[in-house]
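Since the structure comes first, as structure tokens, the remarks are kept for the end.
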Amino acid sequence: KVILVGTSTGGTNALQLAAAYPEKIAAIVLMSPNIEINNPNAWLLNNPWGLQLARYISGSDYIISADQRPVNVQYWETKYRLEAAVALQELIETSMVPETFKKITQPTLLLYYYKNEIQQDSTVKVSAMHTMFNEIATPKDKKVSVAVPDAGTHVIGSYIRSHDVAGVQRQIENFLVNVAGIKKVTP
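Now the structure itself:
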């Protein structure tokens with residue numbers, strides 16, 4: 012059985028694959044999926060002059076992460092070109108749409124950081140995740156949406172960034188066993 016697990020744009024890709032190959036995917040686990048970038052100006056990126064505007068506003072050809080801790084640099088790309096953001100916005104606008112969502116019928120778990128209106132995922136829009144979740148064609152008893160309020164970050168499943176990896180693991184295991192019907196294997 013194939014179970015797709017994706018964080019951020021990995022979640023975007025998981026949704027695309029589940030829509031394209033429904034018979035081959037047994038379940039989907041989405042952690043903070045990138046349905047829409049949490050920036051009111053992101054839509055400009057893939058429109059005429061978007062790249063040039065981004066360069067002008069940022070004063071650079073690159074997006075550079077503020078988190079330059081050695082462990083972060085070891086596991087994440089901390090500097091990437093603005094063209095990547097343009098391509099990402101195009102991917103999201105063209106694939107994270109109702110036409111994609113209505114093709115998804117597999118058991119689906121949605122996990123995301125949300126504590127309150129102020130303390131929530133600052134990278135991708137939680138409201139867009141909820142819209143996607145309501146639009147997928149998965150039967151109601153086979154889809155689960157859970158906020159992880161103590162994660163404190165976008166990358167909720169990483170011990171490097173999240174403050175509640177154990178909670179994320181519990182939710183995933185519970186979903187796979189009790190909703191997706193995957194048998195637990197004990198060593």
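In the working numbering, the protein residues as written are 12 to 198.
By construction, the Cβ of each residue, glycine as well, lies at the ideal position given by its N, Cα and C atoms.
For Leu120, the enclosing beta strand (DSSP E) starts and ends at 119-123.
Between Val135 and Ser43, the beta carbon gap of about 6 angstroms places them in contact (Cβ cut-off 8 angstroms).
Shown here, Gln27 sits in a helix according to DSSP, grouped into three states. CA-to-CA, the gap between Tyr170 and Lys113 works out to about 33 angstroms. The C-beta distance from Leu28 to Leu15 rounds to 6 angstroms, short enough to meet the 8 angstroms contact threshold. Nearest in C-alpha terms to Glu34, of all of Thr116, Ala158, Asp152, is Thr116.
In the structure shown, Gln85 adopts helical secondary structure according to DSSP, grouped into three states.
If the five residues before and after Lys154 are omitted, its C-beta is found closer than 6 angstroms to the C-beta atoms of Thr119, all from its own chain and listed in chain order.
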